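Numbering (the UniProt record's numbering), first residue to last: 1 to 386.
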Amino acid sequence: MLSNPSPLSPDLLVLFGSCSATATNEHSHRSLLANVEKFVYCMCYELNWGLANLAPVVQMLCFHGAFAWVLILQQYARPILHSLQAGSENRNISKQFVRSFNFWIRCPKNARKTFIEIGDGFQELFVVSDDILDETILRRGIPAAHLVYGIALSVHATIHRGILLLQNLLCCAGDSKDDTLDDLIKLGIKFCTGQGLEIYYRKTEKCPTFDDFRVIMHNTILQTPVSESTETLIWAVQILNLCAKNEKIDFSADLCEKIGQFQQIYDDYINLHNPKYAAVRVFCDDLDEGKFSYPIIHGVQSHPDDHRLLDMLKKRPLDVESKKLFVDILESFGSFEHTRKVLKELKDGIFDDVDKMNMGKNPYLERVLQNVFDNLETEIYYDGCD
Numbered sequence: 001m002l003s004n005p006s007p008l009s010p011d012l013l014v015l016f017g018s019c020s021a022t023a024t025n026e027h028s029h030r031s032l033l034a035n036v037e038k039f040v041y042c043m044c045y046e047l048n049w050g051l052a053n054l055a056p057v058v059q060m061l062c063f064h065g066a067f068a069w070v071l072i073l074q075q076y077a078r079p080i081l082h083s084l085q086a087g088s089e090n091r092n093i094s095k096q097f098v099r100s101f102n103f104w105i106r107c108p109k110n111a112r113k114t115f116i117e118i119g120d121g122f123q124e125l126f127v128v129s130d131d132i133l134d135e136t137i138l139r140r141g142i143p144a145a146h147l148v149y150g151i152a153l154s155v156h157a158t159i160h161r162g163i164l165l166l167q168n169l170l171c172c173a174g175d176s177k178d179d180t181l182d183d184l185i186k187l188g189i190k191f192c193t194g195q196g197l198e199i200y201y202r203k204t205e206k207c208p209t210f211d212d213f214r215v216i217m218h219n220t221i222l223q224t225p226v227s228e229s230t231e232t233l234i235w236a237v238q239i240l241n242l243c244a245k246n247e248k249i250d251f252s253a254d255l256c257e258k259i260g261q262f263q264q265i266y267d268d269y270i271n272l273h274n275p276k277y278a279a280v281r282v283f284c285d286d287l288d289e290g291k292f293s294y295p296i297i298h299g300v301q302s303h304p305d306d307h308r309l310l311d312m313l314k315k316r317p318l319d320v321e322s323k324k325l326f327v328d329i330l331e332s333f334g335s336f337e338h339t340r341k342v343l344k345e346l347k348d349g350i351f352d353d354v355d356k357m358n359m360g361k362n363p364y365l366e367r368v369l370q371n372v373f374d375n376l377e378t379e380i381y382y383d384g385c386d
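Put into structure tokens, the structure is as follows:
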């Protein structure tokens with residue numbers, strides 16, 4: 001994984017020199033293609049970057065010459081690669097959920113790897129865009145990509161990669177490309193609607209109701225750390241569904257929505273109430289973003305005459321002691337207990353929906369859900385973690 005904006009390694013510089021040399025010789029076109037392709041794959045191996053999205057990049061390099069890679073690396077790859085350094089427990093959970101659906105889809109191995117990497121690619125660019133929209137300062141303890149590379153470059157990186165991913169996805173979709181594009185556009189519109197609502201409440205400092213929160217989750221859910229969770233989960237599953245061995249599986253929208261809600265509320269919970277999570281990210285960083293997460297909405301709505309939570313959110317960023325006081329208030333309001341109860345209800349509802357699908361049990365999906373819930377039940381309060 002790329003640890004900083006370091007220069008290319010000596011071996012890659014030598015290979016890049018070979019590309020540049022052959023690019024100046026009009027009789028060496030075949031050699032240029034071979035060297036450029038080798039350079040790109042070696043580069044991505046060094047940066048630990050997936051290979052599923054490289055076909056359009058290689059084509060562009062071969063058309064414009066080897067020098068184009070420097071521009072691509074600076075304008076497109078580095079902000080997204082930078083964000084991957086931070087990792088994300090929530091992002092890993094998202095990927096586990098998506099992969100568990102393949103137990104039903106039975107996608108061929110080679111195609112599955114390609115489609116999963118495309119789905120991962122969309123989630124990774126959502127991380128960069130979400131940090132910009134949330135005005136995030138640190139992601140899991142390192143500066144957010146837009147603070148290192150600037151907003152303009154980071155926005156360009158997400159747009160650029162998104163277009164390449166979409167191009168590659170439509171190429172892989174074959175005869176299903178029209179339906180695929182139509183589905184992705186519909187999901188994209190809903191995703192932007194839900195994200196816009198979240199930004200509205202954060203910027204106006206108005207606490208949404210639980211009904212408002214459900215509307216936001218219904219239209220988003222899994223932006224990935226980013227957690228407008230449902231639409232990106234459905235998006236990723238539909239991408240994987242493109243290469244189903246037999247007929248495409250019509251998944252229950254309720255099932256995907258409940259999984260997305262579970263993931264979103266779980267992420268909201270552990271951000272405020274899990275010391276292990278605090279060790280890998282800024283302590284309660286949802287408070288720094290002014291985010292109205294599920295436990296906070298419960299705290300505000302259940303005690304409308306107590307304005308301490310809203311007043312503290314307006315003073316962000318908060319110091320550690322203020323955050324601990326905020327968490328203590330939520331604890332006294334029963335907000336964490338309420339959140340745990342809701343998560344258990346969602347978990348039971350997910351298993352009920354799976355049973356109703358008449359597709360047989362899915363041990364992989366059940367294992368992911370059980371592991372997540374076991375972690376939730378064994379989490380420890382932050383005391384003693386300082």
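No residue lacks a Cβ here, since even glycine has one placed at the ideal position from N, Cα and C. All values reported here derive from a predicted model rather than from experimental measurement.
Contacts around residue i, its chain only, beta-carbon distance under 7 Å, and the 5 residues preceding and following it disregarded
| i | result |
| --- | --- |
| Lys-314 | Glu-205 |
| Val-368 | Gln-96, Phe-97 and Ser-100 |
| Gly-349 | Lys-258 |
| Met-312 | Leu-318, Ser-322 and Phe-326 |
| Ile-329 | Gly-299, Arg-308 and Leu-309 |
| Asp-306 | none |
Own chain residues within Cβ distance below 8 Å of residue i, not counting five before or after
| i | result |
| --- | --- |
| Thr-24 | The predicted position of Thr-24 is uncertain, since its pLDDT is 39 and thus under 50; a value taken from the coordinates is nonetheless stated next. If we look at Thr-24 and ignore the five residues flanking it on each side, it has no Cβ neighbours. |
| Lys-344 | Phe-373 |
| Cys-207 | Tyr-201, Phe-292, Ile-296, Ile-297, Val-300, Gln-301 and Leu-310 |
| Phe-213 | Phe-292, Tyr-294 and Ile-297 |
| Phe-351 | Glu-366 and Leu-369 |
| Ser-335 | Pro-295, Ile-296, His-298, Gly-299 and Ser-302 |
| Leu-346 | Lys-258, Gln-261, Phe-262 and Ile-265 |
Buried or exposed (CB count within 10 angstroms, at least 16 for buried), residue i
| i | result |
| --- | --- |
| Phe-210 | exposed |
| Lys-323 | buried |
| Ala-157 | buried |
| Ile-267 | Looking at the sequence itself, residue 267 is Asp, so the reference to Ile does not match. Asp-267 should be labelled buried. |
| Lys-258 | buried |
| Glu-337 | exposed |
| Ile-199 | exposed |
| Gly-194 | buried |
| Cys-171 | exposed |
| Asp-130 | buried |
| Ile-151 | exposed |
| Ile-189 | exposed |
| Lys-109 | exposed |
| Asn-371 | exposed |
Rounded separation between residue i and residue j - CA only
| i | j | result |
| --- | --- | --- |
| His-146 | Arg-161 | 15 Å |
| Phe-333 | Tyr-269 | 14 Å |
| Val-327 | Val-128 | 28 Å |
| Val-320 | Leu-287 | 11 Å |
| Phe-101 | Glu-331 | 36 Å |
| Ile-132 | Leu-166 | 22 Å |
| Arg-112 | Leu-240 | 7 Å |
| Glu-366 | Gly-260 | 15 Å |
| Ile-80 | Thr-114 | 19 Å |
| Met-134 | Lys-356 | With the sequence shown as reference, residue 134 is identified as Asp, and Met is not the correct amino acid for it. Rounded to the nearest angstrom, the two C-alpha atoms are 38 Å apart. |
| Gly-290 | Ser-83 | 21 Å |
| Pro-143 | Leu-153 | 15 Å |
| Val-342 | Phe-262 | 9 Å |
| Gln-264 | Asp-178 | 31 Å |
| Lys-186 | Gly-141 | 35 Å |
| Asp-254 | Asn-274 | 28 Å |
| Gln-123 | Pro-304 | 36 Å |
| Lys-203 | Arg-340 | 28 Å |
| Lys-361 | Val-354 | 7 Å |
| Val-155 | Arg-308 | 36 Å |
| Ile-159 | Val-237 | 22 Å |
| Leu-169 | Cys-192 | 20 Å |
| Leu-181 | Cys-256 | 20 Å |
| Gly-119 | Gln-85 | 18 Å |
| Leu-32 | Ile-163 | In this prediction, Leu-32 scores a pLDDT of 47, lower than 50, which makes its location untrustworthy; the coordinate-derived value is nonetheless stated afterwards. Rounded to whole angstroms, Leu-32 to Ile-163 spans 25 Å at the Cα level. |
Beta-carbon proximity list for residue i, same chain, < 6 Å, skipping 5 on both sides
| i | result |
| --- | --- |
| Tyr-364 | Ser-100 and Phe-103 |
| Arg-284 | Checking the displayed sequence, the identity of residue 284 turns out to be Cys instead of Arg. Answer for Cys-284: Leu-272 and Lys-323, listed in chain order. |
| Met-359 | Trp-104 |
| Asp-175 | none |
| Pro-317 | Asp-288 |
| Ile-216 | Gly-194, Leu-197 and Glu-198 |
| Thr-136 | Ala-144 |
CB contact check: residue i to chain D, cutoff 8 Å
| i | result |
| --- | --- |
| Ile-116 | Among the chains in the structure shown there is no chain D, since it carries only a single protein chain. |
Ordered list of alpha helix (DSSP H) runs contained in the stretch 276-316, each at least 4 residues: 285-289, 294-302 and 308-314
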